[in-house]
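Following: one structure in structure tokens, then a few remarks.
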Amino acid sequence: MKPTHLRTSRPYHITAYCRFAATLCAPDPEAVEDAFNDQVQAAEDALPGLIVDHLKVEEDG
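Residue numbers (our numbering): 576 to 636.
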């Protein structure tokens, strides 16, 4: 008699939407974007499949 393979787990696909806002201090908008891009890259490395749409950079205050 052949052993029966029991499937104990199934794959699931999760889609989630998040809103992220941050205040970063830098001498100019390009430096802020560089710092933000570094953080996004770290998040994408930690969470494969993460998609980040960069919306805008504006001076705060």
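Even for Gly, the Cβ is constructed at its ideal location relative to N, Cα and C.
What number of angstroms, rounded off, separates the C-alpha of residue i from the C-alpha of residue j?
i    : j    : result
V627 : E634 : 21 Å
P602 : A617 : 22 Å
L630 : F595 : 10 Å
D609 : L581 : 49 Å
V615 : A597 : 12 Å
C593 : N612 : 17 Å
P578 : L599 : 59 Å
With DSSP run on the structure shown, which of helix, strand or coil describes residue i?
i    : result
A597 : coil
A618 : helix
D613 : helix
I'd like to confirm something about residue i: is its beta-carbon nearer than 7 Å to some heavy atom of the ligand HEM, or not?
i    : result
I589 : No copy of the ligand HEM occurs in the structure displayed, which carries no ligand at all.
Which one of the options has the shortest CA to CA distance from residue i?
i    : options          : result
A591 : D603, E608, L622 : L622
Starting from the C-beta of residue i, find all residues in its chain whose C-beta is less than 6 Å away, skip the five residues before and the five after it, and write them out in chain order.
i    : result
E619 : L625
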